[in-house]
Amino acid sequence: MNELLEFVRGQAKGDLVPWEAQEEAARRFGRSLAQVEGLLLEAQLLPARYQRNRQGISTAQQLRLHRARVAVIGCGGLGGYIIEELARLGVGTIVAIDPDVFEEHNLNRQLLSAPARLGQAKSEAALARVAEINPAVTLVALQQAFGRDNGAELLQGCALAIDALDNIRVRLELAEVCDRLAIPMVHGAIAGWYGQVFTQFPGEDHLQRIYAHGVDGKGAEKTLGNPSFTPALVASLEVAEACKILIGVGEPLRGRKLIIDLLDMELQVVPL
Amino acid sequence: MKVLIKLFATFRNERFKQAEKELPPGTSIRQVVAQLEIAEEALGMVMLNGRHAPLESELHEGDTLSLFPLVGGG
Numbered sequence: 001m002n003e004l005l006e007f008v009r010g011q012a013k014g015d016l017v018p019w020e021a022q023e024e025a026a027r028r029f030g031r032s033l034a035q036v037e038g039l040l041l042e043a044q045l046l047p048a049r050y051q052r053n054r055q056g057i058s059t060a061q062q063l064r065l066h067r068a069r070v071a072v073i074g075c076g077g078l079g080g081y082i083i084e085e086l087a088r089l090g091v092g093t094i095v096a097i098d099p100d101v102f103e104e105h106n107l108n109r110q111l112l113s114a115p116a117r118l119g120q121a122k123s124e125a126a127l128a129r130v131a132e133i134n135p136a137v138t139l140v141a142l143q144q145a146f147g148r149d150n151g152a153e154l155l156q157g158c159a160l161a162i163d164a165l166d167n168i169r170v171r172l173e174l175a176e177v178c179d180r181l182a183i184p185m186v187h188g189a190i191a192g193w194y195g196q197v198f199t200q201f202p203g204e205d206h207l208q209r210i211y212a213h214g215v216d217g218k219g220a221e222k223t224l225g226n227p228s229f230t231p232a233l234v235a236s237l238e239v240a241e242a243c244k245i246l247i248g249v250g251e252p253l254r255g256r257k258l259i260i261d262l263l264d265m266e267l268q269v270v271p272l
Numbered sequence: 273m274k275v276l277i278k279l280f281a282t283f284r285n286e287r288f289k290q291a292e293k294e295l296p297p298g299t300s301i302r303q304v305v306a307q308l309e310i311a312e313e314a315l316g317m318v319m320l321n322g323r324h325a326p327l328e329s330e331l332h333e334g335d336t337l338s339l340f341p342l343v344g345g346g
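Next up, the structure:
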């Protein structure tokens with residue numbers, strides 16, 4: 001390990017380690033790219049790909065992101081963008097859960113979808129995308145339906161869960177499982193021009209109360225559909241929440257909900 | 273009694289953003305929702321004076337009732 005660090009330090013510019021050096025270190029010393037990334041960060045070296053993170057995220061915080069395991073439940077409209085952003089952020093392990101394959105009606109908004117991937121599993125597409133954009137991140141692809149029965153197993157070891165589901169019933173099951181595991185759940189949901197975001201911490205029941213009137217889901221999205229920009233926006237807000245919780249900065253949307261109306265361009269935070 | 277009703281997102285379509293309504297004393301939130309022809313299962317958050325409220329709550333002079341549709345897509 002000392003030899004590895006010595007090699008890398010020889011290639012570093014200041015404390016920044018170029019990607020080529022990270023790759024070469026992995027090859028030369030028989031380590032995975034993820035392992036090398038951990039070793040670099042522990043030695044307070046920063047993979048150069050994260051250099052523009054650093055005004056907001058220190059090397060020590062980057063190490064916390066690297067060590068984190070985060071579940072994304074749903075790899076569709078919200079999930080595609082969430083996975084992209086987590087991987088670029090440098091979250092070490094992303095568990096991507098979705099039972100579905102891409103269909104034509106996904107193409108208007110789902111980042112991981114493409115005509116060539118119609119019929120392909122969404123979780124598999126997530127795996128391929130993360131391998132392409134940040135091979136130092138481990139993506140665990142689970143082509144399974146999440147539910148209260150298998151939830152605890154699927155989320156094992158995760159520091160938090162990010163809701164990218166498309167229905168209310170499973171969202172409530174996710175909330176139940178997160179509560180049981182005592183981990184926060186970053187909630188996001190969209191419908192047409194509208195969206196909402198907040199984080200539910202263990203012991204809280206905001207989600208259950210918000211969805212009390214319509215568990216079997218007459219969500220406005222059934223009639224409004226979803227354009228391309230709403231999932232991108234809500235996904236980004238969810239990742240910002242997740243990032244803050246993982247590195248312990250800022251104020252999450254706790255006990256308050258962000259409501260987004262892109263038609264009238266009104267964003268407001270209301271108490272839960 | 274006068275009650276201020278605020279509607280959000282799709283509930284505004286063919287209705288209003290906000291309106292002051294004259295209602296008989298003892299009117300419940302559920303009755304207002306029915307008068308507005310909003311299906312209960314389409315309701316997300318229901319807030320009375322900025323706090324969550326059950327549909328059976330009675331309204332009072334000067335109250336503000338906010339109704340948000342259910343948003344569940346991903």
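Keeping their order, the protein sequence lines are chains W and C.
Residue numbers for the first sequence follow the numbering used here, so the first one is 1 and each next one is one higher.
Residue numbers for the second sequence follow the numbering used here, so the first one is 273 and each next one is one higher.
The beta carbon of each residue, even a glycine, is placed where N, CA and C say it ideally should be.
Predicted, not measured: the structure shown is a model, and the values here were computed from it.
Under a Cβ-count criterion, where at least 16 other Cβ atoms within 10 Å of its own Cβ denotes burial, should residue i be classed as buried or exposed?
i	result
Gly151 of chain W	buried
Ile73 of chain W	buried
Pro271 of chain W	exposed
Glu103 of chain W	exposed
Gly119 of chain W	exposed
Leu139 of chain W	buried
Phe283 of chain C	buried
Met265 of chain W	exposed
Leu246 of chain W	buried
Ala25 of chain W	buried
Asp205 of chain W	exposed
Val249 of chain W	exposed
Asn321 of chain C	exposed
Lys289 of chain C	exposed
Lys13 of chain W	exposed
Lys222 of chain W	exposed
Ile162 of chain W	buried
Glu238 of chain W	buried
Asp166 of chain W	buried
Arg278 of chain W	Because chain W is modelled from 1 through 272, residue 278 of chain W falls outside the range shown and cannot be assessed.
Gly346 of chain C	buried
Tell me the DSSP secondary structure of residue i in three-state form.
i	result
Gln120 of chain W	coil
Ser329 of chain C	coil
Thr282 of chain C	helix
Ala232 of chain W	helix
Gln268 of chain W	strand
Glu292 of chain C	strand
Pro341 of chain C	strand
Val130 of chain W	helix
Gly10 of chain W	helix
Val305 of chain C	helix
Leu5 of chain W	helix
Thr299 of chain C	coil
Ile245 of chain W	helix
Leu224 of chain W	helix
Ala240 of chain W	helix
Gly316 of chain C	strand
Leu154 of chain W	helix
Ala141 of chain W	strand
Ala159 of chain W	coil
Grab me the residues of residue i's own chain with a C-beta within less than 7 Å of its C-beta, minus the 5 sequence neighbours each way, in chain order.
i	result
Arg254 of chain W	Thr199 and Phe201
His332 of chain C	Met273
Ala141 of chain W	Ala96, Ser123, Glu124, Ala126 and Leu127
Ile42 of chain W	This sequence places Glu at residue 42 of chain W; Ile is not what is there. Excluding sequence neighbours, Glu42 of chain W sits near Leu63.
Ala325 of chain C	Ile301, Val318 and Met319
Ala220 of chain W	Ala191, Gly192 and Tyr194
Pro18 of chain W	Gln11 and Ala48
Val101 of chain W	Gly119, Gln120, Ala121 and Lys122
Ala189 of chain W	Gly195 and Gln196
Ile82 of chain W	Val72, Ile162, Ala164, Ala235, Glu238 and Val239
Can you find the residues in the same chain that come closer than 8 Å, C-beta to C-beta, to residue i, ignoring five residues on each side of it along the sequence?
i	result
Leu233 of chain W	Gly195, Ile260 and Leu262
Ala182 of chain W	Pro202
Ala291 of chain C	Leu276 and Ile277
Leu207 of chain W	Arg171, Leu172, Ala175, Met185, His187 and Gln200
Leu258 of chain W	Gln196, Val197, Phe198, Leu237, Leu267, Gln268 and Val269
Thr59 of chain W	Asp15, Leu41, Gln44, Leu45 and Leu46
Val343 of chain C	Ala281 and Gly316
Could you pull out every residue in the same chain whose Cβ sits closer than 6 Å to the Cβ of residue i, ignoring the five residues on either side in sequence?
i	result
Arg287 of chain C	Leu279
Gln61 of chain W	Ile247
Phe340 of chain C	Phe280, Gly316 and Met317
Gly79 of chain W	Val72 and Ala164
Thr93 of chain W	Arg69 and Thr138
Alpha helix (DSSP H) runs contained entirely in the region 21-100 of chain W, provided each spans 4 or more residues | As far as the region 21-100 of chain W is concerned, its whole alpha helix (DSSP H) runs of at least 4 residues are 33-42, 59-67 and 77-89.
Where in the region 163-221 of chain W do unbroken runs of the alpha helix (DSSP H), each at least 4 residues long, occur, reported from the N-terminal end onward?
-> 168-181 and 206-210
Touch test, the region 2-17 of chain W against the region 27-39 of chain W, Cβ-Cβ under 8 Å, three pairs minimum = yes
Pair every Cβ in the region 121-131 of chain W with every Cβ in the region 155-173 of chain W, then say whether three or more of these pairs are closer than 8 Å.
-> no
So does the region 107-118 of chain W actually touch the region 221-228 of chain W, counting three or more Cβ pairs closer than 8 Å?
-> yes
With contact counted as at least three CB pairs below 8 Å, one residue from each stretch, are the region 299-306 of chain C and the region 323-331 of chain C in contact?
-> The region 299-306 of chain C, when compared against the region 323-331 of chain C, does touch it at the 8 Å Cβ threshold.
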